[in-house]
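Numbering (our numbering), first residue to last: 7 to 305.
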Ligand SMILES: Cc1cc2nc3c(=O)[nH]c(=O)nc-3n(C[C@H](O)[C@H](O)[C@H](O)COP(=O)(O)OP(=O)(O)OC[C@H]3O[C@@H](n4cnc5c(N)ncnc54)[C@H](O)[C@@H]3O)c2cc1C
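Written out as structure tokens, the structure is:
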């Protein structure tokens, strides 16, 4: 209930203005690696030094025109270049709507294909995030097309809250896909997504089991310790599975898992357009909202 309320409030221009002006100071910096690439690089290096692999994302989604998408592509080229020169253990996760896919599917494909090729040239990897349910078909279509074009340094994401995801996984398995499994972060209607947490968690387990049994590489992206233990018990080894968590969430658990010898990636996005990302993190855990409000009152 509160989750839906926060996600709806996120659409209000007043909330956007207030949080946009004060949010970084009030607590967004807990979840965001920095507003600039230089700040993000420093954060990524610190995480690497603590034994965590990392990924980064230029925060943002949905561009207005092809020129804006092209600017995003140029920035990701620079991100890939800096990762290489700074010798970071960091890959890139991006959103297709940020590359213009809703304007024109071919434009989105050409932009992501260019970045996947650029990443390959630099020995790096691109993960295509999964956005809200209207984007699932096009995201999977583009992932399949990239793989069929011979790109294997690319992965995608399946969300266990969607009824369709198990079927989507089955149809990807012949490609030996690299999939990240998440519960799902958007406000989806009951017509497409399980409303009950128990069903989302049960589907999560099934997706992880199936992906580990017959997929290529499985990224188990959750902060839910029961689901992490379930994945670790399947024990496919670090060549075939990685645990993934978000920057600023369950940091001690991330470090404890590293200390136990597990392969852990911390997803650390950056950029000035952090508002919708922050709202999704607040919606996931109302206690984060209290943390945010306490900071606001303390100012
Ligand atoms: C690396 C990574 C990549 C992701 N990529 C995508 C994507 O491409 N598409 C997508 O839809 N979603 C994505 N997500 C978000 C995901 O769908 C969930 O919304 C998010 O991970 C919270 O669910 P959970 O699995 O941690 O389980 P939950 O049941 O929500 O949480 C389990 C426990 O983790 C802790 N926790 C969870 N979230 C928070 C938080 N924000 N702050 C503090 N504690 C928290 C709490 O202790 C909670 O009890 C990603 C998540 C991760 C970790």
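Note that the Cβ used here is the ideal one computed from N, Cα and C, for glycine as well.
Contact set for residue i: own chain, Cβ-Cβ below 7 Å, skip 5 residues either direction
| i | result |
| --- | --- |
| residue 277 | 41, 64, 65, 66 |
| residue 22 | 281 |
| residue 10 | 193 |
| residue 99 | 61, 63, 133, 135, 273 |
| residue 124 | 83, 86 |
| residue 96 | 50, 60, 61, 62, 89 |
| residue 297 | 33 |
Proximity test, Cβ basis, 8 Å: residue i and chain D
| i | result |
| --- | --- |
| residue 198 | The displayed structure is made up of one protein chain only, and chain D is not part of it. |
Same chain only: Cβ atoms within 8 Å of residue i, ignoring 5 sequence neighbours per side
| i | result |
| --- | --- |
| residue 209 | 166, 167, 171, 172, 200 |
| residue 45 | 39, 276 |
| residue 79 | 105, 117, 120, 121 |
| residue 176 | 216 |
| residue 12 | 285, 288, 289, 292, 295 |
| residue 283 | 37, 38, 65, 275 |
| residue 236 | 211, 214 |
Where residue i falls, given that 16 or more other Cβ within 10 Å makes a residue buried
| i | result |
| --- | --- |
| residue 77 | exposed |
| residue 18 | exposed |
| residue 248 | buried |
| residue 3 | Coverage of the chain is limited to positions 7 through 305, which leaves residue 3 absent and any answer about it impossible. |
| residue 101 | buried |
| residue 103 | buried |
| residue 127 | exposed |
| residue 72 | exposed |
| residue 75 | buried |
| residue 262 | exposed |
| residue 219 | exposed |
| residue 227 | buried |
| residue 8 | exposed |
| residue 239 | exposed |
| residue 232 | exposed |
| residue 241 | exposed |
Assigned secondary structure, residue i (DSSP; H/G/I helix, E/B strand, else coil)
| i | result |
| --- | --- |
| residue 37 | coil |
| residue 163 | strand |
| residue 108 | coil |
| residue 193 | coil |
| residue 305 | In this predicted model, residue 305 has a pLDDT of only 45, less than 50, meaning its place in the structure is not dependable enough to derive any value. |
| residue 276 | strand |
| residue 93 | coil |
| residue 255 | coil |
| residue 42 | coil |
| residue 175 | helix |
| residue 65 | coil |
| residue 286 | helix |
| residue 151 | helix |
| residue 220 | helix |
| residue 51 | helix |
| residue 18 | coil |
| residue 242 | coil |
| residue 156 | coil |
| residue 266 | coil |
Beta-carbon proximity list for residue i, same chain, < 6 Å, skipping 5 on both sides
| i | result |
| --- | --- |
| residue 138 | 192 |
| residue 222 | 182, 183, 184 |
| residue 109 | none |
Residues that DSSP places opposite residue i in a beta bridge
| i | result |
| --- | --- |
| residue 248 | 225 |
| residue 133 | 99, 161 |
| residue 186 | 163, 225 |
| residue 271 | 59, 250 |
| residue 199 | 168 |
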